[in-house]
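**Q** Can you keep this structure in mind? I'll have questions shortly.
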Ligand code: HDE
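In my numbering, the protein residues as written are 634 to 1334.
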């Protein structure tokens, strides 16, 4: 140790005298040498070369710092202003660059080039987010996920700002601030962070029957996704596709993940919050780094005004979806995310989406929720990014030519030349003029109704689609919904709020209401509130399930193998090969990061057991020598590793040593607990979850 060369910072701490310090400090000396002379010179923002970035300018050896020190002042002032306001909603997010490629033209419906030029690759920037938590909150709470895509089209930016759930809590934008206030941390106590399981949220919901359909989704496993790569996305509102003649067709947009849709189970989601705050962000980053580019199909539902008139609900009401059994989905293209941002702040933080950004050929519907959004996003960017010139930030700027006569403002980045800054004008040949062809609104006749704060009669049915969703689920999914509502209401201290929610559930499904009432220990079923419209039974839609739609694949999933000194190298190799052949990533977990297998070969593990629980994998294998098996049977992390994998319904393979840990974890043999040599069955089991096991491992409502 004594002979080890110290870093400049270490030398400074240890330096006994200022004379020594002076000798050490020159960044021109040791730091430059280490840099091998390849680094650019450090300068201030004014370009003045900085020769000492370690010591501020002082009046004397031990005297005060001088105000004159512009290097220090500039550096600290900039640092003091590094943060901008986080988004009021969707503050925590992760994003990636990629492209969209159209595979089927919609030219007969729209003049939008992006939807009619097959084979053209359009750059995109896609940001996924949670809604309620702050920017520093965790990735895996129960929450809706944002799914926002900015297409840099030839005709201007198109932002499809959607969610991973096809409906929303409220019908009218005027309620949005109240909804968000209720779900965010309570204003007096400032908790809970990033969670809906508290009184104010459920109080608001109990008074908002229109939220019941969305509540079914938010309490389903859709709100605890396994990966951002395994989420569906929805534009939610109806939009219009507009042809050159102004005629229009309604459209709903859907993203379908190529890896299939997959979620976690609740206990796993809770434990993931402890295991890895950045679970989803890391997963997206690692997949892109490995070249396993996440990708989605873009599909549309197209329908006319006449079709819409036949629906047993109003499609302009964002609390309703159009079952795909009623209007089928047509896949029209795919999105591939293949590049991680170079800088989180410059891109992911500063990107400004806005549903009002649509190219010619796409237009809005009269959905009152969408109409409010058309105002909100531009407005919020002004306070978040601080200047009307936020569109000049590279991530927000269109990649097609753009020109107008908007001028000046804070942080204007362009030197706008010429004498003419108005239109019409006749003084300058190259000043921008109205385009001959460009954005034009759909030709839709206005109605002569009476102005007023009105809700259409057709928005009055609040329960039929909640019932449709619940009754379309598999048994385990129904149990998860009932359990999630029971859990959330158990966190609500106000009895009348809990009872009011159970009252609403009676309109959705009496059995669901009874299960939640029993879970809450209610002696009698509370009254159902009066319903403006009696709910109807719609044909079940299996497309609303997760379990029924999971893909039979291990691609994009992860298998963890618990090993230790003496593990059988052959067995590990066999499992690795089987899992990798099926498309999975394999990671070794061990009590120490360096282990030696039976063949005497040193191996580095990918994760240390104490910090790598089985929650971060989709299936696990335990390969241990007998002595290691005995040793780890007394290790809480190892026992939790297998017990959690079992409780989270994952496939488990174990050899003889591994069986000892299974025994310690009271893991019983079942169709998903297999011998380490039975790779065919293990891989088959790993592709799904062992739903039949669930009643044996947890009490569900
Ligand atoms: Fe948003 N929403 N929202 N929202 N929203 C924002 O814009 C708003 C709604 C959605 O990754 C804000 O830039 C209102 C529905 C996403 O940067 C803000 C209403 C859907 C994102 C805003 C809604 C969304 C936002 C906050 C009720 C699904 C994150 C920061 C009418 C279709 C985008 C910002 C990103 C962000 C307002 C409802 C999706 C305040 C007023 C419905 C994915 O403008």
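The C-beta atom is built at its ideal place from N, Cα and C for all residues, glycine as well. Bear in mind that the values here come from a model prediction, so they are computed numbers and not experimental data.
How is residue 968 classed by DSSP in three states: helix, strand or coil?
**A** Residue mapping note: residue 968 aligns to position 335 of the chain shown, counting from 1. The answer is strand: DSSP assigns residue 968 an E or B state.
**Q** Look at the alpha carbon of residue 798 and the alpha carbon of residue 782, and state the distance between them as a whole number of angstroms.
**A** Within the chain shown, the letter at position 165 stands for residue 798. Within the chain shown, the letter at position 149 stands for residue 782. Each residue's Cα considered, the two are about 15 Å apart.
**Q** For residue 1234, count neighbouring Cβ atoms within 10 angstroms of its own Cβ and tell me buried if that reaches 16, exposed if not.
**A** Here residue 1234 is taken as the residue at index 601 of the chain shown, counted from 1. With fewer than 16 other Cβ atoms within 10 Å, it is exposed.
**Q** Just mark residue 739 as buried or exposed, buried being the case when its beta carbon has 16 or more other beta carbons within 10 Å.
**A** For this step, residue 739 is matched to residue 106 along the chain shown. Answer is buried; the Cβ neighbour count reaches 16.
**Q** Just list the residues that DSSP pairs residue 734 with in beta bridges.
**A** Here residue 734 refers to the residue found at position 101 of the chain shown. According to DSSP, residue 734 bridges with 754, 967.
**Q** Run the CB neighbour count on residue 1042, radius 10 Å, all protein chains shown included, and call it buried at 16 or more, exposed below.
**A** Counting from 1 along the chain shown, the entry for residue 1042 is found at position 409. Exposed: under 16 other Cβ atoms inside 10 Å.
**Q** Return yes when the C-beta of residue 721 is under 7 Å from any heavy atom of ligand 1, and no when it is not.
**A** By 1-based counting over the chain shown, the position of residue 721 is 88. Yes, ligand 1 has a heavy atom inside 7 Å of this Cβ.
**Q** Span of the beta strand (DSSP E) holding residue 1308?
**A** For the purposes of this step, residue 1308 is taken as the residue at position 675 of the chain shown. Where residue 1308 is concerned, the enclosing beta strand (DSSP E) stretches over 1306–1308.
**Q** Would you call the region 904–923 and the region 882–889 touching, i.e. three or more CB-CB distances under 8 Å?
**A** These segments do not touch.
**Q** Name the residue from 996, 778, 844 whose alpha carbon lies nearest to the alpha carbon of residue 742.
**A** In the chain shown, residue 742 corresponds to position 109, counting from 1. The shortest C-alpha separation from residue 742 is found at 996.
**Q** Decide if the region 1116–1126 is in contact with the region 1188–1207; the criterion is three or more beta carbon pairs, one per stretch, under 8 Å apart.
**A** They do not touch, by the three-pair rule.
**Q** For residue 1002, verify whether its CB is less than 7 Å away from any heavy atom of ligand 1.
**A** Numbered from 1 along the chain shown, position 369 holds the residue referred to as residue 1002. Flag set: Cβ of residue 1002 near ligand 1.
**Q** Pick out the complete beta strand (DSSP E) segments inside the region 972–1046, 3 residues or longer, and give them in chain order.
**A** Complete beta strand (DSSP E) runs here, min 3: 995–997.
**Q** Mapping the DSSP letters down to three states, classify residue 677 as helix, strand or coil.
**A** Taking the first residue of the chain shown as 1, we reach residue 677 at position 44. Here residue 677 sits in coil by DSSP.
**Q** To the nearest angstrom, report how far apart residue 1327 and residue 1282 are at their CA atoms.
**A** Counting from one through the chain shown, the residue named residue 1327 turns up at place 694. Counting from one through the chain shown, the residue named residue 1282 turns up at place 649. Approximately 7 Å, taken between the alpha carbons.
**Q** Looking only at C-alpha atoms, which of 1175, 758, 1014 sits nearest to residue 717?
**A** If you number the chain shown from 1, residue 717 lands on position 84. The option with the nearest alpha carbon to residue 717 is 1014.
**Q** Please state whether DSSP places residue 1252 in a helix, a strand or coil.
**A** Locating residue 1252 in the chain shown gives position 619, counting from the first residue. Here residue 1252 sits in strand by DSSP.
**Q** Would you give the residue range spanned by the alpha helix (DSSP H) that residue 1194 belongs to?
**A** Position 561 of the chain shown, counted from the first residue, corresponds to residue 1194. Careful: residue 1194 lies outside any alpha helix (DSSP H), inside the beta strand (DSSP E) at 1191–1195.
**Q** Give the straight-line distance between the Cα atoms of residue 842 and residue 770, rounded to the nearest whole angstrom.
**A** Counted from its first residue, the chain shown places residue 842 at position 209. Counted from its first residue, the chain shown places residue 770 at position 137. So the alpha carbons of these two residues sit roughly 29 Å apart.
**Q** Three-state secondary structure (DSSP) at residue 877?
**A** Position 244 of the chain shown, counted from the start, is the residue given in the question as residue 877. DSSP places residue 877 in coil when its eight states are reduced to three.
**Q** Measuring only the C-alpha atoms, how far is residue 806 from residue 1067?
**A** In the chain shown, counting from the first residue as 1, residue 806 sits at position 173. In the chain shown, counting from the first residue as 1, residue 1067 sits at position 434. Going by the C-alpha atoms only, they are around 32 Å apart.
**Q** Flag this pair as yes or no: are the beta carbons of residue 728 and residue 760 separated by less than 8 Å?
**A** Taking the first residue of the chain shown as position 1, residue 728 is located at position 95. Taking the first residue of the chain shown as position 1, residue 760 is located at position 127. Yes, the pair counts as a contact, with Cβ atoms nearer than the cut-off.
**Q** By DSSP, does residue 928 sit in helix, in strand, or in coil?
**A** By one-based count along the chain shown, residue 928 stands at place 295. Correct three-state label for residue 928: strand.
**Q** For residue 1286 versus residue 1254, is the C-beta distance shorter than 8 Å?
**A** Residue 1286 sits at position 653 when you count from the first residue of the chain shown. Residue 1254 sits at position 621 when you count from the first residue of the chain shown. Result yes, Cβ atoms of residue 1286 and residue 1254 sit closer than 8 Å.
**Q** Can you name, in chain order, every residue of its own chain whose Cβ lies under 6 Å from the Cβ of residue 989, other than the five neighbours on each side?
**A** The residue given as residue 989 occupies position 356 in the chain shown. Only 1007 meet the Cβ criterion.
**Q** Grab the span of the beta strand (DSSP E) containing residue 1220 for me, first residue to last.
**A** Position 587 of the chain shown, counted from the start, is the residue given in the question as residue 1220. Note, residue 1220: beta strand (DSSP E), 1218–1223.
**Q** Distance, Cα to Cα, residue 772 vs residue 951?
**A** On the chain shown, residue 772 is found 139 positions in, with the first residue counted as 1. On the chain shown, residue 951 is found 318 positions in, with the first residue counted as 1. Each residue's alpha carbon lies about 26 Å from the other.
**Q** Look up residue 887 in the DSSP assignment and give the residues it is bridged to.
**A** The residue labelled residue 887 in the question sits at position 254 within the chain shown. Answer by DSSP bridge pairing, in chain order: 867, 932.
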